[in-house]
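Residues 856 to 1122 (this note's numbering) are what the sequence shown spells out, left to right.
Have a look at the structure below, then the notes.
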Amino acid sequence: MTVSADTSTPRVVLVTGALGSAADAASIGRALATGFARRGWDVALQRSHGAPRAAADALVAEVAALGRRAAVLDADPALEADAAALVAACGEALGRPACAVFVSASAGADDAHTVDGASLAAALARNVTAPLALARALADATPDAARDDETLRACAIHVLDQALFHPAPAQLSHALMQAALNRATSALALALAPKVRVAALVRGHAPHADDIAAAACYLASAPGVTGATLTVDGGEHLVPPAAGPNEPRGCGLSAAARAALRARTPI
């Protein structure tokens, strides 16, 4: 995917999840940071408390090598207050963000037998409450003049995963929150318009992380897109997951049918 951008006026993007402990989220976060930088954006990087400082310094250096500014903001994305304060911290470090990218992450393992209020609350705080607070803070920071001036508007992007299409029995809370955040995307798009556009991006295992970054950069620069969910997974959502021990007998497709679908699906 090729995304053109006007780099004459610097813009700032706030990326969460770029410096977390999960390898896949960190890989996507790095691709997002460098992808936006290549397109003329300055980049604010949220770093979870306790995450290695060396990784943060290395990513800042990568962004700087691309000719853009970068800043590291320490915050716990599971805390609503921290998430809400990120936009103001970004403004102080680099300037008002024109885009905020929230990368969702698993909040732990549970299933129908072990799920309880605590596990649901943890997943809700990390993957629903935090991005809602982030989007609200982005709207508050966006000037009222953006109602009439498209160039002043902001964009919030929620990066989801395959649990939206194929919920894993062993990660029930996470699957529920992916569905909730996807639904919240369209609701927020209505509530925050026209100052802020809101979109979701569903990632998969197959595409390169740079594909996700290119899609996010497109959404950030597409004034006609809001309330939409873009899937970038090489067709992974079309393929039923492999049968597991928790799948009821007689449910779904046969193993042969699954294999045939996978063989025909471009991954």
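For every residue, glycine included, the Cβ atom is placed at its ideal position computed from N, Cα and C.
Note to self: Is it buried or exposed, Glu1091, if we count other Cβ atoms within 10 angstroms and call 16 or more buried?
What the structure shows: Buried, by the Cβ-count rule.
Next item on the list: With DSSP as the reference, label Phe1020 as helix, strand or coil.
Entry: Coil at Phe1020, not helix or strand.
Next item on the list: Let me know if His1063 comes out buried or exposed under the rule of 16 or more other beta-carbons within 10 Å of its beta-carbon.
Entry: exposed
Check: Of all the options Ser974, Leu987 and Gly1059, which has the alpha carbon lying nearest to the alpha carbon of Pro1096?
Finding: Checked all of Ser974, Leu987 and Gly1059; the closest Cα to Pro1096 is Gly1059.
Checklist line | Three-way DSSP call (helix, strand, coil) for His812 in this model | finding: Outside the displayed range of the chain (856 to 1122) lies residue 812, so it cannot be described from this structure.
Margin query: Alpha carbons only, please: which of Pro952, Ala948, Leu1043 and Ala913 is nearest the one belonging to Ala881?
Written below: Ala913
Notebook entry, point to check: How many Å lie between Val867 and Gly963 at the Cα?
Noted result: The alpha-carbon atoms of Val867 and Gly963 are separated by roughly 32 angstroms.
Margin query: According to DSSP, simplified to helix, strand and coil, what is Ala1055?
Written below: Under the three-state reduction of DSSP output, Ala1055 falls in the strand class.
Check: Using CA coordinates, which residue listed in Leu949, Leu887, Leu869 and Phe891 is at the minimum distance from Pro932?
Finding: Leu869
Check: Run through DSSP, which three-state label would His1060 get?
Finding: Reduced to three states, the DSSP call for His1060 is coil.
Notebook entry, point to check: Which whole runs of the alpha helix (DSSP H) in the stretch 983 to 1048 are 4 residues long or more, in chain order?
Noted result: 985 to 996 and 1027 to 1047
Notebook entry, point to check: Helix, strand or coil for Asp937 per DSSP?
Noted result: DSSP, read as helix, strand or coil, puts Asp937 in helix.
Next item on the list: Report all residues from its chain with a CB closer than 8 angstroms to the CB of Arg885; omit the five preceding and five following residues, and keep chain order.
Entry: Ala873, Leu914, Glu917 and Ala1064
Check: Cβ atoms of Val898 and Ala911: under 8 angstroms apart, would you say?
Finding: no
Notebook entry, point to check: Between which two residues does the beta strand (DSSP E) harbouring Ala913 extend?
Noted result: It is not in any beta strand (DSSP E) - Ala913 instead sits in the alpha helix (DSSP H) that spans Arg908 to Ala920.
Checklist line | Boundaries of the alpha helix (DSSP H) in which Ala925 is found, first to last residue | finding: No alpha helix (DSSP H) holds Ala925; the beta strand (DSSP E) holding it covers Ala925 to Asp929.
Notebook entry, point to check: What's the C-alpha gap between Ala920 and Leu887?
Noted result: 15 angstroms
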